[in-house]
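These notes are about the structure you will find just below.
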Amino acid sequence: MFDKWFELGEQPYTENDAEWDDFVAAHPHGSLLQTTAWARLKNNFGWSSQRIWLRQDGKLQAGAQMLIKSAAFGLARIGYLPHGPLVNWQNAEQVRVLFHQLDLAAYQRRIGFVKLEPLLWQDECPAAQWQAICQEYDLQATADTIQPPRTMLLDLRPSLDTILAAMKQKTR
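Counting from 294, one number per residue, gives the positions in the sequence shown under my numbering.
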């Protein structure tokens, strides 16, 4: 049904997956937390990783790296998508197909709970649109996050005094 437009796939992370990392780097919502390096680091702390993706015309279009860990004495498994999935939120078909694949991957691995923390901005996916997505895919929206919701890039070339002087004293 879906393969008319998309080639679907999934695999455990591999130590060197340049194609995936290039996709993450080029995606507008790409993040270190969806890279091979992050999966490798989390693997050292008891997490496994599974990648789910959509290709169109041989090129990665959307995907997610799901971190997986056993919980509750091995009776349950959790899936976690830090700053994922990476999808064009304005493309309803792409969102639908990817969410279907994520659901299927979780079911096949007996994952009872999946936490998504997409890196979204209000202008790209307004709250009303996110609520509609949550309702359509039976997701529960929450303000509780594991990852900080914002990242600030700071030019460290000026002196420390110059950097601190540019900040408000009460919030630096």
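Positions of the beta carbon are idealized from the N, C-alpha and C atoms, including for glycine. Just so you know, these numbers come straight off a predicted model, no measurement behind them.
Endpoints, beta strand (DSSP E) assigned at residue i
i: Lys461; result: No beta strand (DSSP E) holds Lys461; DSSP gives it neither H nor E.
i: Leu447; result: Element bounds for Leu447: n/a, residue is neither H nor E.
Enclosing alpha helix (DSSP H) for residue i [first to last residue]
i: Tyr373; result: Premise fails: Tyr373 lies in the beta strand (DSSP E), Ala369 to Pro375, not in any alpha helix (DSSP H).
i: Arg389; result: Ala385 to Gln401
Residue i, DSSP secondary structure in three states
i: Trp423; result: helix
i: Gln354; result: strand
i: Ile439; result: coil
i: Phe406; result: strand
i: Trp313; result: helix
i: Met294; result: Any answer about Met294 is weak, because its pLDDT of 45 lies below 50 and its placement is not dependable; what the coordinates show is given next. Note: Met294 maps to coil in three-state DSSP.
i: Trp331; result: helix
i: Ala434; result: coil
Residues near residue i in its chain [Cβ-Cβ closer than 8 Å; skip 5 each side]
i: Lys362; result: Gly339, Trp340, Ser341, Arg370, Ile371 and Tyr373
i: Gln422; result: Trp382
Straight-line Cα distance separating residue j from residue i
i: Val380; j: Ile456; result: 36 Å
i: Leu453; j: Met460; result: 11 Å
i: Phe466; j: Leu360; result: No information on residue 466 is available, as it lies outside the stretch 294 to 465 that the chain covers here.
i: Leu395; j: Pro451; result: 45 Å
i: Ile404; j: Val390; result: 19 Å
Contacts around residue i, its chain only, beta-carbon distance under 6 Å, and the 5 residues preceding and following it disregarded
i: Leu409; result: Leu374
i: Asp314; result: Thr328 and Thr329
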